[in-house]
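When the letters of the sequence shown are read in order and numbered with the working numbering, they come out as residues 103 to 427. C-beta atoms are modelled at their ideal positions from N, C-alpha and C, and glycine is treated no differently. Below is one structure, written out as structure tokens; the observations come after it.
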Amino acid sequence: MRKFFFFLILAGLYLSGWYLELTEPVSSVEAPQVVFISPGTPVKEVARLLEERGLIKNRYVFLLEALRLRVLDKLKAGEYELSPHMSTREILQILAEGRVITHIVTVPEGANVWEVADLLDRASLVPKEAFLSKAFDEEFVQALGIPGSSVEGFLFPDTYYFVKGMPVEEIIRRMVSRFWEVWRKYEDRAKELGISVYEAVTLASIVEKEAVLSREKPLIAAVYWNRLKRGMPLQADPTVRYALRRFRGRLYYKHLRVKNPYNTYRYPGLPPTPIANPGEESLKAVLYPAKVPYLYFVSRGDGSHHFSRTYQEHLMAVRKYRRRR
């Protein structure tokens with residue numbers, strides 16, 4: 103009888119110790135740590151990592167509780183914010199439910215594919231080279247419904263929620279899906295005008311880079327449409343900058359003579375591809391341009407533009423506003 107009673111005491115002490123291991127945190131101090139669990143990491147390695155980082159007291163208690171809850175093979179990979187202030191049971195629940203850190207990424211209107219790659223690289227979500235490799239993978243691009251050789255123009259500017267470890271294909275797919283979602287509103291109008299989605303996006307990307315003020319986008323779009331209809335070169339500075347890649351300085355006459363298909367001073371018509379990722383306002387401006395006779399515009403230096411019908415009027419405006427700079 104004494105032996106049985108002694109056994110009950112030992113069992114009680116063991117179970118109470120087990121319970122404390124599960125429910126009591128390592129520390130009462132909040133000291134959050136970011137822990138990344140790679141896909142395919144064995145649960146034993148996860149337990150060892152958590153113990154080494156001082157987030158759980160005992161890896162074996164962690165493993166046995168995972169076994170008891172039947173989640174040994176259900177811990178989710180990803181990036182987590184964990185703290186020694188959490189109990190072993192809490193941490194196990196977080197990993198089993200996949201409560202990973204969400205990264206908020208905002209793609210601004212007018213960003214080009216290289217700038218989006220930089221943005222994701224800085225957020226430590228996708229290495230720049232990996233993103234660009236997929237962005238210019240023609241087979242992948244066309245599988246997304248894009249009639250071109252890259253995703254340029256179709257990475258819709260918006261705020262996205264990504265998690266670390268997400269495949270680059272999924273990140274691109276989300277941005278492109280958002281584009282198609284918006285484009286559906288304008289498909290009928292594009293058909294009415296007799297222009298393709300690629301032509302609309304290409305012209306919208308130029309409008310996006312030229313316009314500073316939203317209210318001027320339909321006017322700028324109208325100027326470009328008027329020039330295209332007359333067979334005049336677009337003479338759009340942003341296309342030259344795109345040809346020169348990351349050029350941000352002032353454009354001079356020598357730049358306007360560069361032999362590059364994106365140079366719309368030298369080559370008539372639209373450039374070969376979009377030059378940036380336009381927002382909805384620019385797409386709408388291209389499909390619903392202002393009904394004006396303008397063929398030229400020049401910057402006033404305050405973000406707005408002066409629009410002209412003739413070359414003579416344009417030259418006068420150029421002299422007027424350049425004197426003010």
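Item, Value
"Sequence-distant residues of the same chain with beta carbon closer than 7 Å to residue 400, five excluded per side", "407, 408, 416, 419, 420 and 423"
"Alpha helix (DSSP H) runs wholly inside the segment 266–327, at least 4 long, in chain order", "270–285, 289–295 and 299–312"
"Alpha helix (DSSP H) segment containing residue 164, residue limits", "161–170"
"Exposure of residue 361, with buried meaning 16 or more beta-carbon neighbours within 10 Å", "exposed"
"Contact belief for residue 365 with residue 341 at Cβ below 8 Å, rounded distance in angstroms", "7 Å"
"8 Å Cβ cutoff met for residue 258 and residue 284", "yes"
"Residue closest to residue 254, alpha-carbon to alpha-carbon, out of 274, 264 and 228", "274"
"Segments of 3+ residues assigned as beta strand (DSSP E) that fall wholly inside the segment 373–409", "398–401"
"Short Cβ contact (8 Å threshold) for residue 396 with residue 328", "yes"
"Short Cβ contact (8 Å threshold) for residue 375 with residue 247", "no"
"Beta-carbon spacing of residue 221, residue 264 below 8 Å", "no"
"Helix, strand or coil at residue 184 [DSSP, three-state]", "strand"
"Close beta carbons around residue 425, own chain, < 7 Å, minus the five adjacent residues each side", "none"
"CA-to-CA distance, residue 170 to residue 164, given in whole angstroms", "10 Å"
"Outcome for residue 184 when other beta-carbon atoms lying within 10 angstroms are tallied against a minimum of 16", "buried"
"Cβ-Cβ distance between residue 388 and residue 306 below 8 Å", "yes"
"For residue 228, the three-state DSSP class (helix, strand or coil)", "coil"
"With 16 other Cβ atoms within 10 Å as the buried cut-off, status of residue 209", "buried"
"Backbone secondary structure at residue 111 - three-state DSSP", "Its pLDDT being 36, under 50, residue 111 is placed unreliably in this model, and the value from its coordinates should be taken loosely. Here residue 111 sits in helix by DSSP."
"Through-space distance from residue 333 to residue 216, alpha-carbon basis", "31 Å"
"Residue burial classification, residue 162 (beta-carbon count within 10 angstroms, cutoff 16)", "exposed"
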